[in-house]
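*Asks:* Just so we're aligned, residue 3 is where the sequence shown starts under this note's numbering, counting upward by one.
For glycine and all other residues, C-beta sits at the position ideal for the given N, C-alpha and C.
Fair warning: this is a prediction, and the values are worked out from it, not measured in the lab.
My structure is below; once you've seen it, I'll send some questions.
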Amino acid sequence: MRLILLGPPGAGKGTQAERLVAKYQIPQISTGDILRAAVRDGTDLGKTAKSYMDSGGLVPDAVVIGIIEERLKEDDCANGYILDGFPRTVAQADALKNVLAGMGQAIDHVVSVEVPNEDLVERLSGRRSCKCGAMYHVTFNPPKKEGVCDKCGGELFQRADDQEETIRSRLAVYEEQTAPLIAYYEKAGLLRRIDGVGSLDEIFGRIVEAIGG
Ligand code: ADP
Ligand code: ADP
Ligand code: ZN
Numbered sequence: 003m004r005l006i007l008l009g010p011p012g013a014g015k016g017t018q019a020e021r022l023v024a025k026y027q028i029p030q031i032s033t034g035d036i037l038r039a040a041v042r043d044g045t046d047l048g049k050t051a052k053s054y055m056d057s058g059g060l061v062p063d064a065v066v067i068g069i070i071e072e073r074l075k076e077d078d079c080a081n082g083y084i085l086d087g088f089p090r091t092v093a094q095a096d097a098l099k100n101v102l103a104g105m106g107q108a109i110d111h112v113v114s115v116e117v118p119n120e121d122l123v124e125r126l127s128g129r130r131s132c133k134c135g136a137m138y139h140v141t142f143n144p145p146k147k148e149g150v151c152d153k154c155g156g157e158l159f160q161r162a163d164d165q166e167e168t169i170r171s172r173l174a175v176y177e178e179q180t181a182p183l184i185a186y187y188e189k190a191g192l193l194r195r196i197d198g199v200g201s202l203d204e205i206f207g208r209i210v211e212a213i214g215g
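So, in structure tokens, the structure goes:
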């Protein structure tokens, strides 16, 4: 199954992707995670991406499309994948369609996770992340021991861009550049709308139902 998780920052894409990976045994491909790893490692890619990410803007399309093109060719993608945070612009969606066509593939479902803006700010400002990819919230999904990852024992951290001012810019960028993809995929007959407010289990159930179990 080839899935796109579409939704604003804080909608719960990463959180739900973690569960979908376990259920369907396909990898999660998060351009945000790939870019953050590059910044941490100080690679050329990381040097290019850092200033865009710090300001809450998007990394240029050509850069992100290149990353995805490489990633989709890897062996673990043969039976499908979950795209989380890509595509984020119409240009990226068009490029994805072309890359997939060249590989004889197509997207099966685009799950649009809908959450009101007030909730997004609250979710992002309380988000805590682990290097292993696990995601927590200080109130809504706390780890068993404060500051420590349940899965790997790693130390939790707050992302640099999860500060209120940057959160506001990211939400504006989403409205302007990414929200048009909802109509784009609706037109393609791929869009499955999900109410993203509720418990983690409820939302997971809605997604599984929307993509056919
Ligand atoms: P969130 O889901 O919380 O918005 P991500 O981890 O998906 O965060 O993205 C973090 C940052 O990485 C974005 O604000 C942007 O700068 C960059 N980024 C991630 N994916 C893309 C993409 N597909 N196109 C452009 N920039 C991206
Ligand atoms: P995204 O990948 O879409 O940016 P995340 O999965 O990182 O979003 O979730 C953002 C924050 O909201 C995290 O702190 C996460 O623990 C929390 N969260 C996720 N789903 C829910 C939910 N259904 N209700 C409340 N908080 C949630
Ligand atoms: Zn961890």
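Excluding five sequence neighbours on each side, which residues of the same chain lie with their C-beta closer than 6 angstroms to the C-beta of K52?
*Replies:* Excluding positions up to five away in sequence, the list reads V41.
*Asks:* May I ask whether a heavy atom of ligand 1 can be found less than 6 angstroms away from the beta carbon of Y187?
*Replies:* No, the beta carbon of Y187 sits no closer than 6 angstroms to any heavy atom of ligand 1.
*Asks:* What residue ranges within the stretch 120-176 form continuous beta strand (DSSP E) runs of no fewer than 3 residues, ordered along the chain?
*Replies:* 129-131 and 137-139, all fully within the stretch 120-176.
*Asks:* Give the secondary structure of R42 by DSSP, where H, G and I count as helix, E and B as strand, and everything else as coil.
*Replies:* Note: R42 maps to helix in three-state DSSP.
*Asks:* Taking P29 and D96 to be in contact with their CB atoms under 8 angstroms, please state how far apart those CB atoms are, rounded to whole angstroms.
*Replies:* Not a contact, Cβ separation roughly 23 angstroms.
*Asks:* Since V175 contacts L7 with CB under 8 angstroms, what's their CB separation in whole angstroms?
*Replies:* Not a contact, Cβ separation roughly 17 angstroms.
*Asks:* Provide the residue(s) that pair with R194 in DSSP beta bridges, ordered along the chain.
*Replies:* Bridge partners of R194: V113.
*Asks:* Given this structure, state the Cα-to-Cα distance separating G191 from G68, to the nearest angstrom.
*Replies:* Straight-line Cα distance between these residues: approximately 26 angstroms.
*Asks:* CB G87 to CB G34, shorter than 7 angstroms?
*Replies:* Contact flag set, yes.
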